[in-house]
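Step one of this worksheet: look at the structure below.
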Amino acid sequence: MREGEMKQVEGGETAYWTWHMAAGVAIFALLGLHMTTMHLGGLTGLFVAYPTEQAVSPANSHTRDASLFLTVVYILLLGLALYHGLYGLRTMLFELTLKPATEQAVTTALVVVGLLLLGFGTWAAVAAHQGAAYHIASPEAVYVGG
Amino acid sequence: MTFHILRYTPGKDTKPCITAYQVPLKLGMTVLDGLYYIKENLDPSLAWRSSCRMGVCGSCGMLVNGLPRLACNTQIKEVADTRVALGPLPNFDIIRDLVPDLTSMFDKHLEVSPFIQREDEVDINNPEGEYYQSPEDLEHYLQFSFCIKCGCCMAACPTSATDARYLGPMPLTQALRYNNDSRDGGAEKRALRIGSRHGVFRCHYAGECSRVCPKGVDPAKAIQLLKRQLVAGYLGLARRRKPCGKQGLNRR
Chain A
764 MREGEMKQVE
774 GGETAYWTWH
784 MAAGVAIFAL
794 LGLHMTTMHL
804 GGLTGLFVAY
814 PTEQAVSPAN
824 SHTRDASLFL
834 TVVYILLLGL
844 ALYHGLYGLR
854 TMLFELTLKP
864 ATEQAVTTAL
874 VVVGLLLLGF
884 GTWAAVAAHQ
894 GAAYHIASPE
904 AVYVGG
Chain B
4 MTFHILRYTP
14 GKDTKPCITA
24 YQVPLKLGMT
34 VLDGLYYIKE
44 NLDPSLAWRS
54 SCRMGVCGSC
64 GMLVNGLPRL
74 ACNTQIKEVA
84 DTRVALGPLP
94 NFDIIRDLVP
104 DLTSMFDKHL
114 EVSPFIQRED
124 EVDINNPEGE
134 YYQSPEDLEH
144 YLQFSFCIKC
154 GCCMAACPTS
164 ATDARYLGPM
174 PLTQALRYNN
184 DSRDGGAEKR
194 ALRIGSRHGV
204 FRCHYAGECS
214 RVCPKGVDPA
224 KAIQLLKRQL
234 VAGYLGLARR
244 RKPCGKQGLN
254 RR
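In order, the protein sequence lines correspond to chains A and B.
In the numbering used here, each number is its position in the first sequence, counted from 1, plus 763.
In the numbering used here, each number is its position in the second sequence, counted from 1, plus 3.
Below you can see the structure in the form of structure tokens.
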């Protein structure tokens, strides 16, 4: 085995798989927070500004969007879920005994897709956060789409 | 008892076909005994591989009623009342009839360097004494050293069935066997291949390898332990261990 190949192999799957597992555990925790917020808000009072309304109501949504903590949590959740899911998809594809060049192409394509989706999701989350913060600061402003 | 045997000769037959043989059943008769009866009395052209007849050499691995087993270690009455279906081990090419081509398995076995590796090559080539290994050290790998390389685990593995480059249960188990050997210092070198794209992390933990292993080696457990070793090494949590020396030679 040549030196270049050794380096490629050395860092490879052990690192990817370790982060895959870690992402799974983190998703479990973050998804738990999401479920608690969305379904047990009336009980816990977490991120619920208007207890009489549903969790998905515009008023409660604005409250959550305005929270920097939840914005970061959801961006993090998106990133972890994308990594966990796309690595799993890559694993399934690799079991089809692809050619090494095809495997590399699949890996590159999944990284690009993942980064694009993460970028789009991050943009959406940040835009929602800024919009909600503006809406709360200026309640008289017309909120389009709310 | 009827033996339904998958017959195939590459180059002669276009595809495998099943041939039925009637075999008189005796008490304690094994599948291998049945095959010998067929060869001696019914069809001398039937081919299979066997040697020790006592579950030690690992030559007679074959598919018995849908499960990879050793023919010499399987009593007919254990697996069938009226019909025994035999075929070569899956996930391997067929040399002829019940003889699988195990070359791919041994090539992968070689890839994990299944031997003691040490820095002191001079001493390895001209040993001046024995390395001391305590009974506790022995326990770390003893179970995994019972492997007889029969190929049953490789034949039962669902990942090996789809991924031809996956190392498979036997080579991975042997990698752990040597990693856990206190005399060995080659774990880091082995990690290069074990932690590659088609290495240990492709295991789904289906557990079929452990179910069919005729020696109770439990390859599925070995693979999970190997994953733990690699992850601990990556995170810097692995215990640093130097290969044992000879200073305790007199302690027997």
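Where is the CB? At the ideal position from N, CA and C, for every residue including glycine.
Query	Result
Presumed contact (8 Å Cβ cut-off) between residue 9 of chain B and residue 21 of chain B, rounded CB distance	6 Å
Any chain B beta carbon closer than 8 Å to residue 848 of chain A	no
Distance CB(residue 829 of chain A)-CB(residue 896 of chain A) smaller than 8 Å	yes
Against chain B: residues of the region 850-882 of chain A by CB proximity under 8 Å	854, 857, 858, 859, 860 and 866
The region 193-205 of chain B: positions lying closer than 9 Å to chain A by Cβ	194, 195, 196, 197, 198, 199, 200, 201, 202, 203, 204 and 205
CA nearest to the CA of residue 220 of chain B, picked from B:186, B:87 and B:155	B:155
Residue 255 of chain B, DSSP secondary structure in three states	Low confidence applies to residue 255 of chain B: its pLDDT is 39, below 50, so where it sits in the model is not reliable, and the reading given next is rough at best. In this structure, residue 255 of chain B counts as coil in the three-state DSSP scheme.
Check whether residue 794 of chain A and residue 840 of chain A have beta carbons under 8 Å apart	yes
Limits of the beta strand (DSSP E) - the one that residue 20 of chain B falls within	20-25
Cβ neighbour criterion (16 or more within 10 Å) applied to residue 770 of chain A	Any reading at residue 770 of chain A needs caution, since the residue's pLDDT is 40, under 50, leaving its predicted position unreliable; the model's value is listed next. With fewer than 16 other Cβ atoms within 10 Å, it is exposed.
Residue 798 of chain A Cβ short of 7 Å to the ligand FMN heavy atom set	The ligand FMN is absent from the structure shown, which contains no ligands of any kind.
Top-ranked residue by Cα proximity to residue 49 of chain B, from B:131, B:23, B:57 and B:168	B:23
Residues that DSSP places opposite residue 7 of chain B in a beta bridge	B:23 and B:88
Interfacial residues, the region 222-251 of chain B to chain A, with Cβ spacing under 8 Å	230, 233, 234, 236, 237 and 238
Cross-chain neighbours of residue 816 of chain A in chain B, by beta carbon under 8 Å	None at all; the shortest Cβ gap to chain B is about 45 Å.
Cross-chain neighbours of residue 166 of chain B in chain E, by beta carbon under 9 Å	Protein chains A and B are contained in the structure displayed, whereas chain E is not.
Extent of the continuous beta strand (DSSP E) to which residue 98 of chain B belongs	96-99
Proximity of residue 144 of chain B and residue 248 of chain B at Cβ, strictly below 8 Å	no
Environment of residue 258 of chain B [buried if 16+ CB atoms lie within 10 Å]	Nothing can be reported for residue 258 of chain B: it is not among the residues displayed for chain B, which extend from 4 to 255.
Per-residue contacts from residue 77 of chain B into chain A (C-beta, under 9 Å)	Going along chain A, no residue has its Cβ under 9 Å from residue 77 of chain B, so there is no contact; the nearest lies around 30 Å.
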